[in-house]
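For the sequence shown, this note's numbering begins at 1349 and goes up steadily by one. Below: the structure, in structure tokens.
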Amino acid sequence: MVDYNADKASSEIKSLVSDAQDLFNAAASASSDKAAALRSEGMRVLENALSSARDLQDSAVKTGKELASTADDFVHENPWKTIAISAGVALLIGALLTPMITKK
């Protein structure tokens, strides 16, 4: 779900920025009145892109806090299980790194 939202927001932002670039390029070759209107539209599109980026950042921060809270709750509710998992991960990492270290 989080990956889908991030991908969707990322593609929307890319699309909005691309649209703004197109508008600014069109404004460069247009008459002064038309160029002003195109620049104004481009600024609106960029503001939408920035708003989408802020929303994505807020969502990422909220999700990160929720995950941290869930992990914290798990550690407090299951201290021995957490110690066992940590020891197992450390043992696995040690087993994977030992052949690399001994080859030197």
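Beta carbons are placed, not taken as given, at the ideal position from N, Cα and C, and that holds for glycine.
Q. Leaving out the 5 sequence neighbours to the left and right, which residues in its chain are closer than 8 Å to K1382 when beta-carbon positions are compared?
A. If you number the sequence shown from 1, residue 1382 lands on position 34. Sequence-distant partners of K1382 (beyond 5 residues in either direction) whose C-beta falls short of 8 Å from its own C-beta, in its chain, are A1375.
Q: Within 10 angstroms of the Cβ of A1368, are there 16 or more other Cβ atoms? Answer buried if so, exposed if not.
A: Your numbering for residue 1368 matches position 20 in the sequence shown. It counts as buried.
Q) Taking just the CA atoms, how far does G1442 sit from W1428? A) One-based indexing of the sequence shown puts residue 1428 at position 80. One-based indexing of the sequence shown puts residue 1442 at position 94. Approximately 21 Å, taken between the alpha carbons.
Q. Alpha carbon to alpha carbon, how far is S1358 from N1373?
A. Taking the first residue of the sequence shown as 1, we reach residue 1358 at position 10. Taking the first residue of the sequence shown as 1, we reach residue 1373 at position 25. The alpha-carbon separation between S1358 and N1373 amounts to approximately 23 Å.
**Q.** Span separating the alpha-carbon of S1377 from that of V1393
**A.** Stepping through the sequence shown from its first residue, residue 1377 is reached at position 29. Stepping through the sequence shown from its first residue, residue 1393 is reached at position 45. C-alpha of S1377 to C-alpha of V1393: approximately 19 Å in a straight line.
Q) So what's N1373 in DSSP terms, helix, strand or just coil? A) Translated into positions along the sequence shown, residue 1373 becomes position 25. Looking at N1373 - three-state DSSP - the assignment turns out to be helix.
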